[in-house]
Amino acid sequence: MTNATPAPRKKRFWSMERKQSAAGWAFLLPATLLIVLFSFWPMFQAFLTSFKRGLPTALQYSDPLYRNYAYMLKDKVFIQSVKNTFTYLIIQVPIMLVLAIIFATLLNNRDLKFRGLFRTCIFLPCATGLVAYSMIFRTLFTYDGMVNALLMKMGVISEAINWLNDPFYAKVVIILGLIWRWTGYNMVFYLSAMQGIEYSIYEAARIDGANQVQQLFKITIPLLKPIILVTAIMSTNGTLQLFDESVNLTRGGPANMTITMSHYIYNTMFTKNPNFGYAAAMSFVILVMVAVLAAIQMKVGDKR
Amino acid sequence: MREGAISKHVSRFFMYAFLVIVSFISVFPLYWAFISSCNNTQQILGGRMIPSTHLMENLRNLFAQQDVLTALKNSFATTLLQVVLSLAISSIAGYGFEIYHDKWKDRVMSVLMLAMMVPFVAVLVPLFQLFSKMGLLNTWVAFFLPSLATPFLIMYFRNSARTFPKDTIEAARIDGLNEFQIFVRMFVPMMKPTYAAAATITFMNAWNSYLWPKVIMQTSNATTMPMLVSNLMGGYVIDYGVVMAGVTICSLPTVIIFFCLQKSFTNAVAGAVK
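If you read the sequences in order, they're chains L and E. Numbered by my numbering, the letters in the first sequence go through residues 102 to 405 in order. Numbered by my numbering, the letters in the second sequence go through residues 72 to 345 in order.
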């Protein structure tokens with residue numbers, strides 16, 4: 102009689118499982134290294150640089166360390182850029198998301214004719230580059246341009262509006278541009294999520310006498326809540342980084358009244374006296390704002 | 072009963088009218104830019120809605136003012152390189168994260184996803200310093216290197232790898248394929264629609280990127296199309312016909328892709344959150 106318990110099979114170091122796991126690591130390694138090298142590492146570097154002052158070639162830690170951050174509170178242009186960016190954020194993002202939900206609701210109706218055509222049209226602005234559309238809007242809204250001519254012909258205004266050189270109207274143009282460019286983009290998210298909702302729910306609701314508005318608030322929005330949260334976070338993130346429109350549509354003008362934070366950071370980096378430390382400090386403030394606003398949105402989105 | 076039917080017709084009429092107006096506003100700026108590339112400044116500012124005969128003149132002036140061919144070459148080269156390389160790197164990573172997932176790989180994945188929240192401006196200063204130290208300013212490599220691996224693409228491919236049948240992998244292993252061969256010969260061909268979608272959105276993003284190229288592509292030899300278009304409004308006297316010709320050339324590739332691959336593009340836009 103031999104011993105009943107079989108001798109434990111010696112596991113080879115390179116077992117099938119280990120081999121496969123190693124292959125997995127090898128597959129994800131290049132991308133992981135790239136993201137660490139070009140995202141996380143520079144973020145850490147930016148944090149260090151934000152405490153430094155001096156020429157780009159001779160950056161030194163400032164005394165006191167928080168000097169760049171303290172300077173922000175006195176820097177009128179920076180404060181104006183924060184105000185501008187938040188004006189865009191608070192006015193444009195809600196309008197855009199509400200419009201996107203309305204368009205998606207209308208287009209989700211299966212009885213609607215030309216659905217595909219409408220969707221293509223509303224989505225088309227996404228095929229336009231940010232610089233390209235900024236140029237188009239700049240041309241449309243220039244003082245002797247088409248929008249003024251049209252509005253005067255229609256009798257809406259009696260005198261041409263100096264759209265791009267008026268602090269208020271220049272912001273209006275940027276907000277109009279952003280809404281034009283991004284509403285269709287967000288609509289596609291909602292449409293795709295709505296296709297995941299059983300259509301029979303709507304049919305049942307209609308039989309029960311629920312009208313379009315009731316269906317929207319009682320069925321669509323509650324079920325779409327996660328995706329609305331995602332689009333809100335993405336739009337917030339994007340708006341806080343606004344650059345192309347500020348540079349090309351209004352040039353930040355008049356007198357920095359439309360300049361965004363990213364635009365000002367760029368200007369700080371590439372002027373006669375570049376100040377990398379201060380630019381890094383301001384960019385770090387954007388990072389914190391993105392994180393805080395995302396956290397708030399998630400918190401609010403969770404409760405509802 | 073009769074009244075209800077009438078109000079239904081009325082509301083339907085308003086719905087269609089609304090959608091027609093919205094569609095018109097959506098399409099109009101791009102349509103107008105395209106036809107305006109055939110018009111002169113006077114016609115453009117006057118609001119002419121149909122093309123005239125100034126296209127060749129505008130193009131001639133544009134090519135005389137700016138090195139369009141160099142910008143086109145730079146834009147196409149950098150964009151195509153970015154599409155090919157980032158799809159390769161991100162898709163194999165997404166595949167690796169999903170197929171071989173274990174506790175540690177999942178953790179690495181969630182850390183990488185945090186990078187999605189890092190605004191690009193927040194890393195602009197150190198990246199610029201890094202690339203100038205490496206002597207990569209004004210090179211194609213500098214254009215695409217920072218955005219080769221994106222959390223978005225990795226997640227997109229990870230989600231699609233979820234639908235890749237495990238049986239296929241087992242069968243391929245029994246047939247003697249190694250892990251990399253399984254990815255190249257089984258996964259890639261099966262996921263063609265995913266690759267098409269990822270390619271369209273990467274092309275759009277790369278072609279239109281502006282801030283980063285503006286920072287690192289500083290010489291006129293390294294200009295890309297969006298930068299060239301931006302330069303067209305620099306002077307005191309603006310030739311709007313030339314501007315619109317530039318806008319049209321810059322927008323054509325993405326508009327063509329939009330119309331040819333709209334389904335792929337839509338899938339990619341919405342696919343990230345599935």
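For every residue, glycine included, the Cβ atom is placed at its ideal position computed from N, Cα and C.
Check                                                                                                                      : Outcome
Integer-rounded CB distance, given that Tyr367(L) should sit under 8 Å from Ile178(L)                                      : Going by the sequence as given, residue 178(L) is Val instead of Ile. Going by Cβ atoms, the distance from Val178(L) to Tyr367(L) rounds to 13 Å, so no, they are not a contact pair.
The stretch 243-263 of chain L contacting the stretch 188-205 of chain L, beta-carbon criterion three pairs below 8 Å      : no
Own chain partners of Val248(L) with C-beta closer than 6 Å, once the 5 adjacent residues on each side are dropped         : Leu241, Phe242
CB of Ser348(E) within 8 Å of CB of Gln153(E), strictly                                                                    : Any property of residue 348(E) remains undetermined from this structure, which presents chain E solely from 72 to 345.
Span of the alpha helix (DSSP H), counted from its first residue to its last, around Ser172(E)                             : Position check: residue 172(E) holds His in this sequence, whereas Ser was assumed. Looking at the DSSP string, His172(E) is not in any alpha helix (DSSP H), and its letter there is neither H nor E.
Contact list for the stretch 335-349 of chain L against chain E, Cβ threshold 8 Å                                          : Asn338, Leu341, Gln342, Phe344, Asp345, Val348, Asn349
Under the three-state DSSP convention, the category Lys373(L) falls into                                                   : coil
Cβ shell of Asn279(E) (< 8 Å), same chain only, five flanking positions each side left out                                 : Pro297, Thr325
For Arg154(L), the residue or residues it bridges with in DSSP                                                             : Gln161(L)
Member of Gly310(L), Thr351(L), Tyr167(L) whose CA lies at the smallest distance from the CA of Val274(L)                  : Thr351(L)
Where Leu388(L) sits in the DSSP three-state scheme                                                                        : helix
Interface flag, Ile245(E) vs chain L, CB-CB below 8 Å                                                                      : no
Integer-rounded CB distance, given that Ser203(E) should sit under 8 Å from Ile223(L)                                      : So it is not a contact: roughly 42 Å between Cβ atoms.
Terminal residues of the alpha helix (DSSP H) in which Cys364(E) lies                                                      : With chain E represented from 72 up to 345, any question about residue 364(E) goes unanswered, as that position is not in the structure.
Near-chain E residues of the stretch 135-158 of chain L - C-beta to any C-beta below 7 Å                                   : Leu135, Ile136, Phe139, Ser140, Phe141, Pro143, Met144, Gln146, Ala147, Thr150
Residues of its chain near Lys176(E), where Cβ-Cβ distance is below 8 Å and the 5 sequence neighbours each way are ignored : Gly167, Phe168
Minimum Cβ-Cβ distance from Phe84(E) to chain L less than 8 Å                                                              : no
C-beta atoms of Ala356(L) and Thr369(L) nearer than 8 Å                                                                    : no
Three CB pairs or more closer than 8 Å across the stretch 150-166 of chain L and the stretch 328-336 of chain L            : no
Where Met72(E) falls: helix, strand or coil (DSSP)                                                                         : Unreliable placement is indicated for Met72(E), whose pLDDT of 48 sits below 50; the coordinate value is still reported in the next sentence. Coil at Met72(E), not helix or strand.
Neighbour list for Glu279(E) in chain L, Cβ cutoff strictly below 9 Å                                                      : Here the sequence assigns Asn to residue 279(E), which means Glu is not the residue at that position. Simply Thr229, Gly230, Leu231, Val232, Ala233, Asp345.
Per-residue burial, Met239(E) [other beta carbons within 10 Å of its own, 16 or more giving buried]                        : Residue identity differs from the one stated: residue 239(E) is Thr in this sequence, not Met. So Thr239(E) counts as exposed.
Range of the contiguous alpha helix (DSSP H) that encloses Tyr92(L)                                                        : Outside the displayed span of chain L (102 to 405) sits residue 92(L), for which this structure offers no information.
6 Å CB neighbourhood of Ala271(L) in its chain, flanking five on each side removed                                         : Leu265, Thr351, Thr359
Short-range partners of chain L found in the stretch 102-115 of chain E, where Cβ spacing is below 9 Å                     : Trp103, Ala104, Ser107, Ile115
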